[in-house]
Structure formats: structure tokens, C-alpha cells
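Numbering (the working numbering), first residue to last: -9 to 284. The C-beta atom is built at its ideal place from N, Cα and C for all residues, glycine as well. Notes follow once the structure below has been shown.
As C-alpha cells, this is what we get:
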């Protein structure tokens, strides 16, 4: 984060609020630590989806942001691909599907992918393809832009044209839930019993059924997996994620930077080190041999 843009906020935390800060700080630290020079593995995407669900679907991130007092001075933003303006420029009947993507790496990647099909009667009325495109400018990629966190989560991750429902736009928040709840991030649920599901779950099942088709592969990742990888990248490269990690580490240093050679145990006796904790230290210089000293 640019120091000139930093706003200092003073706050105090204890109990559950401090524990939540440690959890969210650890979650963000994990997302930041994931590789940025290659596509994530399937397991990294699934684990990342479970973290994203906790942060943004279960709203634990907002709770921490509010408890820190940050919501009174700033709204978190991310820089990510937005395909909604491009989709709005198309007649929806011409769109087959579109993906937002955004995670750059060596090899295959994309920052917005739109595939369309124009009916013959619609384009043959023009003298040439160039004339048709001049009269119907249709972006085939997304636009990288800065969005508030709320707008970003609501923005379109995938759009798929259907015969029954027209163009179905699936948000980034829904994409997180799909990988976390249906594809093994937290749960594995292959059920897609659309006719018999309650109306409460009908849209979710329709979205899941559409996403099951994949339609796009980026390297070894399915289209939905690459979307989650891109969501992870947007969070990991935000300016606020490392700041929250730094705050959590400062508030609870033992949870992040404990001495790997120490084993601490509670005795309740202040004679130990004045706190009731006693310490055994291990000599880590001898590989495979534990040598403890009280």
C-alpha cells in the first residue's frame, strides 16, 4: 500500500473479535502466499474457495473490517476484470457464453472471454463483415477496473445463454459458493434435481447445472475453477489484504511468529516464567533427535 494513501485507525479488540481477526488475517495470508507465476492446482482452488466463502459469503471479512473501524473511513476495493459493460453492448441473443477470468500467469490465461454467434439474417444485410462490426461494436474482452468489494462480488463471473431463461448471469459470489459448496471446497454435492427442488434453491441449482458444463478450460483448470483462481488473485493483490495480515500479526504475534523450538505448557504456577506458562526448548540442530531443556 502507498504510505501516502494509508489511513491510520485506532481500535481495541478482545475475545471473539480478536480471534476473528487472527482467523481472517491467517486466511488472507494464505491467499497472498499462493503462487502467482503459475495456474493454481485443483486443491489450491478448492481450499481457496473455502477461505473465500468464509470471508465474503459468511461475511467474516466485513465483521473484521467494521470492528477495526475501517468501514467509517474507507471501503475496500479490488482491481479486476469487469465483463458487464461488454455484455451490455451485445444483443443478449447473440451471446453464447462469457467468462470474466483475470488471473495472469505464464501460459494460458485470459482477462475476459466472450463467445457469440450472430444469426445469418442479422449480418448478411450488411455489405461486409467490416460494415457489420462498425454498426455493431461488440467487445470480446472485459475491462480491468477498480470496484468496491460489494460491487465486485455482485458483478458477473460467467454468463451463459439458455433457451428457457435467456442470458443467465452468474455472480462472483455465486461462483465462490459453487466451488465451495458443490465442488469440494467445503462440501461435494453432485445433486442437480431441478424439477423437485424448492423454489428457494431452484436458481442455485440452475446455476450449478450450467456451470457443470464447463464450456471453457484454462490449462488444467475448468472454467469455474479459473474464475475462483482469478477471484483469489484479486484479493491477494489488493492493498487492504496485507494490511489486515500485518494488523493480525501485530495483535497476536504468537499466533503467527511463535518460536518453532519452544514447547509451552500451562502450569498455573507463576514461578514458571511469571505468567503461569513453562517452556521447554528443543535443540533443532540435530536432525531427527529431540533434545528438550526446561
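Task: Whether residue 165 touches residue 217 by CB criterion (8 Å) - done: yes
- [ ] Could you have a look at residue 56 and say whether DSSP puts it in helix, strand or coil?
- [x] helix
Open item on the list: For residue 179 and residue 195, I'd like the C-alpha separation in whole angstroms.
Closed with: 11 Å
Open item on the list: Can you look up residue 309 in the DSSP assignment and give me helix, strand or coil?
Closed with: Shown here, the chain extends from -9 to 284; a query on residue 309 therefore has no answer.
Task: Secondary structure, beta strand (DSSP E): runs of 3+ residues fully inside the segment 53 to 100 - done: 67 to 72, 85 to 89
Open item on the list: Tell me which residues share the same chain as residue 75 and place their Cβ nearer than 7 Å to its Cβ, disregarding the 5 neighbours each side in the sequence.
Closed with: 133
Task: Expected contact under 8 Å - CB spacing of residue 127 and residue 79 to nearest Å - done: 7 Å
TODO: Just confirm the distance between the C-beta atoms of residue 15 and residue 223, as a whole number of angstroms; I'd bet it's less than 8 Å.
DONE: Their Cβ separation, rounded to whole angstroms, is 19 Å, which puts residue 15 and residue 223 out of contact at 8 Å.
Open item on the list: For residue 231, tell me which candidate among 13, 5, 6, 256 has the shortest Cα-Cα distance.
Closed with: 13
Open item on the list: Can you give me the C-alpha to C-alpha distance between residue 108 and residue 57, rounded to a whole angstrom?
Closed with: 51 Å
Task: alpha helix (DSSP H) segments (min. 4 residues) lying fully within the segment 200 to 239 - done: 213 to 226
Open item on the list: Less than 6 Å between C-beta atoms, sequence neighbours within five positions excluded: which residues of the same chain meet that for residue 246?
Closed with: 239
Task: Contact under 8 Å by Cβ, residue 200 with residue 150 - done: yes
- [ ] To the nearest angstrom, report how far apart residue 236 and residue 111 are at their CA atoms.
- [x] 59 Å
- [ ] Tell me where the beta strand (DSSP E) around residue 28 begins and ends.
- [x] First-last for residue 28: undefined, no H or E at that position.
TODO: Determine the DSSP secondary structure at residue 44, reduced to helix, strand or coil.
DONE: helix
- [ ] Reducing DSSP to helix, strand and coil, say where residue 198 ends up.
- [x] helix
- [ ] Out of 125, 177, 197, state which residue places its alpha-carbon closest to the alpha-carbon of residue 148.
- [x] 197
Task: Straight-line gap, residue 62 to residue 115 (C-alpha atoms, nearest Å) - done: 56 Å
TODO: Classify residue 134 as helix, strand or coil using the three-state DSSP reduction.
DONE: strand
TODO: My understanding is that residue 138 touches residue 159, with C-beta atoms under 8 Å, so please give their C-beta distance in whole angstroms.
DONE: Residue 138 to residue 159, Cβ: 18 Å. No contact.
Open item on the list: Here's the rule: buried if 16 or more other CB atoms are within 10 angstroms of the residue's CB, otherwise exposed. What is residue 192?
Closed with: exposed
- [ ] Indicate the three-state DSSP secondary structure (helix, strand or coil) for residue -9 in the structure shown.
- [x] The predicted position of residue -9 is uncertain, since its pLDDT is 47 and thus under 50; a value taken from the coordinates is nonetheless stated next. Three-state result, residue -9: coil.
- [ ] Run the CB neighbour count on residue 253, radius 10 Å, all protein chains shown included, and call it buried at 16 or more, exposed below.
- [x] exposed
Task: Beta-carbon contacts of residue 36 that lie in its chain and below 6 Å, excluding the five residues immediately before and after - done: 174, 175
- [ ] Quick one: measure Cβ to Cβ for residue 225 and residue 68, integer angstroms, because I've assumed they're closer than 8 Å.
- [x] 7 Å
Task: Per-residue DSSP class, three states only, for residue 102 - done: coil
- [ ] Using only alpha-carbon positions, find the residue among 152, 65, 219 that is nearest to residue 22.
- [x] 219
- [ ] Within 10 angstroms of the Cβ of residue 265, are there 16 or more other Cβ atoms? Answer buried if so, exposed if not.
- [x] exposed
Task: Local Cβ density within 10 Å of residue 46, reported as buried at 16 or more and exposed below that - done: buried
Open item on the list: Short of 8 Å in beta carbon distance, which residues of its chain neighbour residue 258, apart from the five on each side in sequence? Order them along the chain.
Closed with: 266
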